[in-house]
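The sequence shown begins at 1 in the UniProt record's numbering and counts up one residue at a time. Okay, structure first, notes after.
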Amino acid sequence: MSSQLFDNKEQYPPSPTIQSEESGYASATSSQDGLTEVYFSKPHLKFINAQLQKLEPQDILKWCITTLPGLYQTTAFGLTGLVTVDMLSKLEGPLKHNIDLIFLDTLYHFDETYALVDRVRRRYGTPVHAYKPAGCDTAEEFSRKHGQKLWDTNDELYDYVAKVEPAERAYSELQVKAVLTGRRRSQGAQRGDLDIVEVTEDGLIKINPLANWSFAEVKAYVDANNVPYNELLNQGYKSVGDWHSTQPVAAGEDERSGRWKGKAKTECGIHNPKSRYAQFLQEQELKQQQEALSNALEKISIA
Numbered sequence: 001m002s003s004q005l006f007d008n009k010e011q012y013p014p015s016p017t018i019q020s021e022e023s024g025y026a027s028a029t030s031s032q033d034g035l036t037e038v039y040f041s042k043p044h045l046k047f048i049n050a051q052l053q054k055l056e057p058q059d060i061l062k063w064c065i066t067t068l069p070g071l072y073q074t075t076a077f078g079l080t081g082l083v084t085v086d087m088l089s090k091l092e093g094p095l096k097h098n099i100d101l102i103f104l105d106t107l108y109h110f111d112e113t114y115a116l117v118d119r120v121r122r123r124y125g126t127p128v129h130a131y132k133p134a135g136c137d138t139a140e141e142f143s144r145k146h147g148q149k150l151w152d153t154n155d156e157l158y159d160y161v162a163k164v165e166p167a168e169r170a171y172s173e174l175q176v177k178a179v180l181t182g183r184r185r186s187q188g189a190q191r192g193d194l195d196i197v198e199v200t201e202d203g204l205i206k207i208n209p210l211a212n213w214s215f216a217e218v219k220a221y222v223d224a225n226n227v228p229y230n231e232l233l234n235q236g237y238k239s240v241g242d243w244h245s246t247q248p249v250a251a252g253e254d255e256r257s258g259r260w261k262g263k264a265k266t267e268c269g270i271h272n273p274k275s276r277y278a279q280f281l282q283e284q285e286l287k288q289q290q291e292a293l294s295n296a297l298e299k300i301s302i303a
C-alpha cells in the first residue's frame with residue numbers, strides 16, 4: 001500500500017557529488033543542493049559523533065540538512081519528535097527547510113494521537129507520509145487478515161506487520177537515505193548508550209539530534225515554545241504508542257515503563273535490526289522452504 005500524503009511535497013533535483021577518500025563520505029559541490037549519496041567510514045563516523053556531541057540539537061539539525069541526502073523524520077509524534085519538528089521550523093535563511101515526516105499508522109493509535117497528527121500538520125505545514133500495514137486500511141481489516149488481538153497471540157508478528165514492514169516500505173518508496181528519530185539516552189534500556197549518528201547494516205543513516213537531552217529538558221522546551229503535544233500526557237502518560245500496549249506511568253517510573261508493561265520488551269523492532277524480528281523472518285522463510293519441499297515430495301510420491 002502506498003503512503004498517504006497529507007500535503008503535497010516539493011521535489012528537489014539531485015546534485016553532483018565528489019568522493020572524498022580522506023573523510024570517508026561523499027560531499028556535495030553545494031551544501032544547499034544536498035547530496036545523492038553519503039558513505040561514512042567507521043573512523044569518520046566516530047569523529048562525527050565526537051564533534052556533534054558538543055553541539056546543541058539545532059546545530060545538529062543544521063548539519064543534517066547541509067550534509068545528508070534523502071533526509072526524513074520518522075515519528076510517532078512523541079515529545080522529542082515534536083521538539084525536532086518545532087526546531088526545524090525555526091531555522092532561518094537557506095537552512096529553513098521542511099523535513100517530511102514518516103508516521104507508521106498501526107491502525108491502533110489513540111484517538112488523541114490521530115488528532116495530534118492533524119494539529120501538527122496544520123501548525124507547521126509539514127508533509128506527513130502515513131504508512132499502514134500492507135493491505136489494511138482499518139483495524140477491522142487488520143483483525144480479519146491477521147486474527148483478533150495479534151499483539152497478544154503473536155507480538156513478534158504484530159510488530160513486524162504493523163511497524164517493521166511499513167517502515168521498510170516507506171524507506172524504499174520514498175528513497176529515504178537518512179532519518180531523524182526521537183530517541184534519547186535518558187529513555188534508558190537499549191537507548192542508554194545511543195550515538196547521535198548511527199548507520200544500520202543496510203546503510204540507512206539514523207540521527208538522534210536530542211540524544212543528550214533529558215525528559216525534563218524536552219518538556220521545558222515544549223512548554224516554553226507552545227509546541228502541540230499529545231493530550232494523554234496530561235493524564236499520566238509519558239511515552240505513547242498503541243492503545244493496547246501503552247499505560248500511564250507512576251511518579252518516579254522510567255519514561256518508557258508504560259510501554260509493553262509486564263513484558264521483557266523495550267523496542268518494537270524498528271530500531272533493533274539484530275533482533276528477534278530478523279530471526280522471525282528467517283524462520284518464516286525456512287518454514288516456506290520446508291512447505292515447498294513437502295509439497296514437491298508429495299507430488300513425487302503421488303506420481
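Cβ atoms here follow ideal geometry from the backbone N, Cα and C, with glycine treated the same way.
Roughly how many whole angstroms lie between the Cα atoms of residue 139 and residue 249?
Spanning the two alpha carbons is a distance of roughly 26 Å.
Cβ-based neighbour list, residue 113, same chain, cut-off 7 Å, excluding 5 preceding and 5 following
Correct list, in chain order: 77, 230 and 240.
With DSSP as the reference, please indicate the residues paired to residue 178 in a beta bridge.
Secondary-structure assignment with DSSP links residue 178 through a beta bridge to 71 and 205.
Indicate the three-state DSSP secondary structure (helix, strand or coil) for residue 142 in the structure shown.
Three-state result, residue 142: helix.
Touching or not, the region 115-134 and the region 100-107, by the rule of three or more beta carbon pairs under 8 Å?
Three or more beta-carbon pairs separated by less than 8 Å link the region 115-134 to the region 100-107, which places the two stretches in contact.
Same chain only: Cβ atoms within 7 Å of residue 150, ignoring 5 sequence neighbours per side
Excluding residues within five positions, the ones whose Cβ falls inside 7 Å are 157 and 158.
According to DSSP, simplified to helix, strand and coil, what is residue 231?
Reduced to three states, the DSSP call for residue 231 is helix.
When you compare the CB positions of residue 178 and residue 82, do they come within less than 8 Å of one another, or not?
Going by C-beta atoms, residue 178 is not nearer than 8 Å to residue 82.
Sorted by chain position, which residues of the same chain lie with C-beta nearer than 6 Å to residue 211's C-beta, five sequence neighbours on each side aside?
Within its own chain, the residues whose Cβ lies closer than 6 Å to the Cβ of residue 211, once the five positions on either side in sequence are excluded, are 184, 185, 194 and 196, listed in chain order.
Buried or exposed: where does residue 290 fall if 16 or more other Cβ atoms within 10 Å of its Cβ makes it buried?
Per the 10 Å Cβ criterion, exposed.
Establish whether the CB of residue 96 and some CB of chain D are separated by less than 8 Å.
Looking for chain D here will not work: only one protein chain is present.
From the DSSP output, read off the bridge partner residues of residue 242.
Its beta-bridge partners are 109.
Between the beta-carbon of residue 48 and the beta-carbon of residue 95, is there less than 8 Å?
For residue 48 and residue 95, no; Cβs fall outside 8 Å.
Where residue 293 falls, given that 16 or more other Cβ within 10 Å makes a residue buried:
Residue environment: residue 293 is assigned as exposed (fewer than 16 neighbouring CB atoms within 10 Å of its CB, all protein chains considered).
What would DSSP say about residue 197, mapped onto helix, strand or coil?
Looking at residue 197 - three-state DSSP - the assignment turns out to be strand.
Quick check on DSSP: helix, strand or coil for residue 343?
There is simply no residue 343 to check, as the chain begins at 1 and stops at 303 in what is shown.
Among 160, 297, 301 and 226, which residue has its Cα nearest to the Cα of residue 123?
The option with the nearest alpha carbon to residue 123 is 226.
Would you kindly work out how many angstroms separate the C-alpha atoms of residue 72 and residue 58, rounded to a whole number?
Cα to Cα, residue 72 sits roughly 16 Å from residue 58.
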